[in-house]
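Going down the list, the protein sequences come from chains D and Z. If you read the first sequence in this note's numbering, its first letter stands for residue 1090, the second for the next number, and so on. If you read the second sequence in this note's numbering, its first letter stands for residue 1090, the second for the next number, and so on. Glycine included, every Cβ here is placed at the ideal spot set by N, Cα and C. All values reported here derive from a predicted model rather than from experimental measurement. Single-structure report; data block below.
There are 2 protein chains.
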Amino acid sequence: MDLSFAYTGIRVRDLDRSLAFYTKALGMKEILRGTMSHGGVYVHLKGPGSSQRLELNWYPKGNRFARPYRKGEELDHLGFWTRDVVATYRRLLRDGAKVAVRPWREGRYEIAFVSDPDGIWIELLGPAKKRREANAKA
Amino acid sequence: MDLSFAYTGIRVRDLDRSLAFYTKALGMKEILRGTMSHGGVYVHLKGPGSSQRLELNWYPKGNRFARPYRKGEELDHLGFWTRDVVATYRRLLRDGAKVAVRPWREGRYEIAFVSDPDGIWIELLGPAKKRREANAKA
């Protein structure tokens, strides 16, 4: 089929703020940037250990795509894998992320959610730690 | 950095409807499925020509993540590459997608948007066709 899923575009209200968050806190790198004829800016980001791409979309006021920003439910979350959910969760909170859902154990996994500067949920998914298993049994 | 962007999760209101759309119209394949302890279901999809993953998230009524669905601006769009934007756009409309933005020429590219059963925008991006260039100059 002549169709290939290339990236996910999230709308950001402050491009510099979001770029700082995704590059510094989440360790992604800018790999592509452009301006559309209607004035909108797009920046492609790629992170370590994955070819998955994230696009940041920013529109100037009055742009035909710049509808008033409001929270919705379409984007459930962006999923990130980490080997240590609790450590990464704590580090991200220090680096500007907000608490969404505190870490919990889900079968063989540990899961937590933080939110980005626009309120987008970021899932942290990783293996449940053996030492916590041991503690839970003790 | 111990953090890897693994997938994008979109919330769907009708899992069967969205699965049919993403597998039949967009040609993606189910590669993973699971149920969370809180009852939510997740299905991972992967399409041709890309390792990019899409997760469909469905929550039963009363689930702690099942907030009322409303349109928001966080998810700008899901980006898909196609060699023939106009043909793919027309096919997707026949296959159940809705018109979002009709095809237009943007420099060397052609772009269009359709929307999925929940109203999520899907971008179709591809090369501008030579024959249209010739027509435009004529």
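query = With a CB to CB cut of under 7 Å and the five nearest residues on each side skipped, what residues in its chain are close to D:Pro1149?
reply = In chain order, Gly1128, Ala1155 place their CB closer than 7 Å to the CB of D:Pro1149, counting only its own chain and leaving out the 5 sequence neighbours on each side.
query = If you scan the region 1114-1199 of chain Z from start to end, which runs of the alpha helix (DSSP H) of 4 or more residues do you find wholly inside it?
reply = Under the rule that a run must span 4 or more residues, the alpha helix (DSSP H) segments found entirely inside the region 1114-1199 of chain Z read 1174-1183.
task = Check Z:Leu1104 in the structure and name its three-state DSSP category.
result = Correct three-state label for Z:Leu1104: helix.
inquiry  = Cβ closer than 8 Å: which chain Z residues qualify as neighbours of D:Thr1112?
reply    = In chain order: nothing, as chain Z lies at least about 11 Å away.
message = Could you pull the DSSP bridge partners for D:Gly1215 from this structure?
response = DSSP lists D:Glu1199 as partners of D:Gly1215.
ask   = Is there at least one Cβ from chain D nearer than 8 Å to Z:Ala1217's Cβ?
value = No - not a single Cβ of chain D is within 8 Å of the one on Z:Ala1217.
ask   = Do the region 1155-1169 of chain D and the region 1166-1178 of chain Z touch if we need at least three Cβ pairs shorter than 8 Å?
value = By the C-beta criterion, the region 1155-1169 of chain D is judged not to be in contact with the region 1166-1178 of chain Z, since fewer than 3 inter-stretch pairs fall below 8 Å.
query = Whose CA, out of Z:Arg1122, Z:His1166, Z:Arg1172, Z:Arg1183, lies closest to the CA of Z:Asp1207?
reply = With distances taken between CA atoms, Z:Asp1207 lies nearest to Z:His1166 out of Z:Arg1122, Z:His1166, Z:Arg1172, Z:Arg1183.
query = Are the CB atoms of D:Tyr1096 and D:Glu1144 nearer to each other than 8 Å?
reply = Going by C-beta atoms, D:Tyr1096 is nearer than 8 Å to D:Glu1144.
query = Looking at chain D, which residues of the region 1157-1173 of chain Z have a Cβ within less than 7 Å of any of its Cβ atoms?
reply = Tyr1158, Arg1159, Lys1160, Gly1161, Glu1162, Glu1163, Leu1164, Asp1165, His1166, Leu1167, Gly1168, Phe1169, Trp1170, Thr1171, Arg1172, Asp1173: these are the residues of the region 1157-1173 of chain Z whose beta carbon lies less than 7 Å from some beta carbon of chain D, given in chain order.
query = Which residue from D:Thr1124, D:Asp1205, D:Met1125, D:Ala1201 puts its Cα closest to that of D:Glu1212?
reply = Closest option to D:Glu1212, Cα to Cα, is D:Ala1201.
key: Residues, ordered as in the chain, of the region 1094-1128 of chain D that lie near chain Z by beta-carbon distance below 8 Å   = The region 1094-1128 of chain D vs chain Z, Cβ under 8 Å: Phe1094, Ala1095, Tyr1096, Thr1097, Gly1098, Ile1099, Arg1100, Leu1115, Gly1116, Met1117, Met1125, Ser1126.
inquiry  = Below 9 Å on C-beta distance, what does Z:Asn1146 contact in chain D?
reply    = Here the neighbours are Asp1165, His1166.
Chain D contacts from the region 1194-1207 of chain Z (Cβ-Cβ distance under 7 Å) = Answer in chain order: Glu1195, Asp1207.
ask   = Mind pulling the chain D residues with CB within less than 7 Å of Z:Leu1143?
value = Per Cβ cutoff of 7 Å: Phe1094.
key: CA-to-CA distance, Z:Ser1093 to D:Ser1139, given in whole angstroms   = Spanning the two alpha carbons is a distance of roughly 6 Å.
request  = Quick one: residues in its chain with C-beta nearer than 7 Å to the C-beta of D:Arg1153, no 5 flanking neighbours on either side, listed in chain order?
outcome  = Once the five neighbours on either side are set aside, the close Cβ partners of D:Arg1153 are His1127.
Per-residue contacts from D:Asp1091 into chain Z (C-beta, under 8 Å) = Those are Thr1171, Arg1172, Asp1173, Ala1176, Thr1177, listed as they occur along chain Z.
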